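Residue numbers (mature numbering (1 follows the signal peptide of the UniProt record, and there is no 0)): -25 to -1, 1 to 302. In what follows, a structure is listed as structure tokens, so that the remarks can point back to it.
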């Protein structure tokens, strides 16, 4: 029986669901089993010495992956270098002088190309590398369906508008997540990525000296942490690029302490601490602070959802030879 045997106009919603399932089915947990069977092993061998040398890189790769997927979907566009006709996403405000890990993806891609030339997309490599890096610092290891292809364009304006800012109200950040098919729980769970990594002083300094133009610090910031941060980030422009850990308790370990910090008013970013200002998100914070297994499980599930946002499959896009340029 063919599709012509059905009156599709009478069941448009069901048909759309079918098409959606068909598109997602092009991702497969065993996508590279025949074309690059050792892919996961190659990625792990490439990433392990990087994390051993620079634990912070796990957070950087996670941020890179998120910034890629939240802007026009997971298509490796954040990896593209600027060209004469496109400034690209690397020059967008959320990425300029802060996004890092590009050379790590270059190295993994080169290692993969030696064994499986023109086979594995840069998007899949970034997705896998993030998973491996997180597992090496205590994060969950989650199963990832593969088969994404690389985009051929990058948008600085989309990166500026779509990537959540630490200065935005919670409702705006939530809206940016839901516009990508992610929900409120995904937003709270993925915010837990701030259990590792660092932030520039410029992203939270207003909380230390002039919160909401009051001339005073943020009252929702623990006084002891405030004192420490003011010494790291003195009230002068030269300190903007100084770094502070997002989770000062277990800096390089992926765990649920981030949520305990929020309950103790020691969240670093305004957008983090804002999770305690809403009853629904505050309840989630409490649960994740109390049950580390719950956080680990839900984080893996949300990462899989993130990795499915706006993907290119089949004949769409391309498999880049060099992650920095289109073929």
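Beta carbons are placed, not taken as given, at the ideal position from N, Cα and C, and that holds for glycine. Given the structure is predicted, the values throughout are model-derived calculations rather than measurements.
Residues bridged to residue i [DSSP beta-bridge criterion]
i, result
"residue 125", "293"
"residue 219", "174"
"residue 3", "121"
Own chain residues within Cβ distance below 8 Å of residue i, not counting five before or after
i, result
"residue 25", "32, 79, 82, 108"
Alpha carbon of residue i to alpha carbon of residue j, nearest angstrom
i, j, result
"residue 282", "residue 221", "23 Å"
"residue 242", "residue 294", "40 Å"
"residue 67", "residue 179", "19 Å"
"residue 100", "residue 211", "40 Å"
"residue 69", "residue 246", "14 Å"
"residue 182", "residue 249", "12 Å"
"residue 2", "residue 124", "10 Å"
"residue 34", "residue 159", "22 Å"
"residue -5", "residue 48", "With a pLDDT of 42 at residue -5, under the threshold of 50, the modelled position of that residue is not reliable, and the figure given next carries that caveat. Their backbone Cα atoms lie some 17 Å apart in a straight line."
Residues near residue i by beta carbon distance below 6 Å, same chain, minus five either side
i, result
"residue -2", "Confidence in residue -2 is poor, its pLDDT being 47 and thus under 50, which makes the residue's placement too unreliable to answer from."
"residue 86", "17, 21"
"residue 105", "36, 37, 40"
"residue 176", "208, 214, 215, 217"
"residue 256", "163, 250"
Chain-order list of residues whose beta-carbon lies under 7 Å from that of residue i (same chain, five-residue window excluded)
i, result
"residue 230", "113, 170, 267"
Expected contact under 8 Å - CB spacing of residue i and residue j to nearest Å
i, j, result
"residue 10", "residue 50", "The Cβ separation is near 20 Å, so there is no contact."
"residue 184", "residue 194", "About 13 Å separates the two Cβ atoms, so there is no contact after all."
"residue 173", "residue 161", "That belief does not hold up - the Cβ atoms of residue 173 and residue 161 are roughly 23 Å apart, past 8 Å."
"residue 138", "residue 46", "6 Å"
C-beta neighbour in chain C for residue i, strict 9 Å
i, result
"residue 289", "Considering every chain present, this structure includes no chain C. It has just one protein chain."
Quiz item: Taking contact to mean at least 3 C-beta pairs separated by less than 8 Å, is the stretch 199 to 207 in contact with the stretch 1 to 14?
Solution: no
Quiz item: Hey, is the stretch 141 to 159 in contact with the stretch 74 to 85, meaning 3+ C-beta pairs nearer than 8 Å?
Solution: no
Quiz item: Does the stretch 49 to 63 come within contact of the stretch 116 to 135, defined as at least 3 CB pairs closer than 8 Å?
Solution: yes
Quiz item: Below 8 Å, can you find three or more Cβ-Cβ pairs linking the stretch 271 to 281 to the stretch 162 to 172?
Solution: yes
Quiz item: Below 8 Å, can you find three or more Cβ-Cβ pairs linking the stretch 283 to 302 to the stretch 50 to 58?
Solution: yes
Practice problem: Assess, as a yes-or-no matter, whether the stretch 232 to 240 is touched by the stretch 193 to 201 under the definition of 3 or more beta carbon pairs within less than 8 Å. | Solution: yes
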